[in-house]
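Inspection log for the structure reproduced underneath, given as structure tokens.
Numbering (this note's numbering), first residue to last: 20 to 306.
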């Protein structure tokens, strides 16, 4: 467990992580990285192992996590940055099968590295094209344990945090996104403006820069993820109850939104869940 974070906090953040039911990769280990001073989440890291025939991961829009995929293959070190998703897509693994996926909570990537998140939306870019990672990718690829890889990741984050000057806006985004996640996206943009004291126009600007998504898109994605989590946790639940419990107008509205995200009806998704989507009975988590 991350130093300075309680069991209750780990459980809370687990509940707001994105569900990725299509992921075809085994999660060998997991670590939540937090701000030592505030206890707020910075990132969640997974060690992933995919079979040789897996070329990419089938992803749906999540809660806005921006990921860095570090290769764990000593002969093929390297890292790729993956932006937040506005739509479902296949994310390539770039020939790697053994990966450390470090996924930054909304706003944290920009706060730490000083790079606008919106330039990464729906795309994958080699990390060296965005910033100077130094020898970190090679060190992580050659590390012999998950704990060593996590420590190298912490050091990498700390070095960049010391260079950037995004803290004031970063803390605003951090707190705002935590509130949105805890309310499962059931918040209006004008309510965010009232709560923070900033105008809706300003929040639009800073969220595009720091989260990579417009406020309305981020709220819609998080609400959708809340519904997806509920369907995975309670496979027998009715579509009408999912819609009611996650704040959609009615079953018809939820079904329309679900089809836009998943390209299938909620009933078809539930049927596929029952058949084959969850290896070892557990959903994947990702951006």
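Just so it is clear, CB atoms sit at the ideal spot from N, CA and C, and this is done for glycine as well.
Please report the straight-line C-alpha distance between residue 300 and residue 45, rounded to a whole angstrom.
Its pLDDT being 44, under 50, residue 300 is placed unreliably by the model, and the measurement read from it follows with that caveat. So the two alpha carbons sit approximately 12 Å from each other.
Classify residue 172: buried if its beta carbon has 16 or more other beta carbons within 10 angstroms, exposed otherwise.
buried
Range covered by the alpha helix (DSSP H) that runs through residue 226
Residues 219–229.
The segment 246–264 contacting the segment 224–235, beta-carbon criterion three pairs below 8 Å
The segment 246–264 vs the segment 224–235: no contact.
Would you say residue 140 and residue 90 are within 8 Å of each other, going by their C-beta atoms?
no
Count Cβ pairs between the segment 75–86 and the segment 145–153 that sit closer than 8 Å; are there 3 or more?
Verdict: no, contact absent.
Would you check if there are 3 or more beta carbon pairs closer than 8 Å linking the segment 100–111 to the segment 50–70?
no
Residue 159, enclosing alpha helix (DSSP H) - first and last residue
Where residue 159 is concerned, the enclosing alpha helix (DSSP H) stretches over 155–161.
CA-to-CA distance, residue 223 to residue 168, given in whole angstroms:
36 Å
Considering residue 256, what are the terminal residues of the beta strand (DSSP E) in which it resides?
First-last for residue 256: undefined, no H or E at that position.
Cβ shell of residue 152 (< 8 Å), same chain only, five flanking positions each side left out:
98, 146, 175
In or out: residue 36 buried (at least 16 other Cβ within 10 Å) or exposed?
buried
On the DSSP bridge list, what partners appear for residue 63?
51, 122
Extract the residue ranges of the beta strand (DSSP E) inside the segment 189–222, only unbroken runs of 3 or more that lie entirely within it.
none
Does the separation of the CB atoms of residue 181 and residue 204 fall below 8 Å?
no
Can you find the residues in the same chain that come closer than 7 Å, C-beta to C-beta, to residue 287, ignoring five residues on each side of it along the sequence?
none
Given a cut-off of 8 Å on the beta-carbon distance, is the pair residue 136 and residue 128 in contact?
yes
Local conformation of residue 39 per DSSP, three classes:
strand
Cα separation between residue 265 and residue 285?
14 Å
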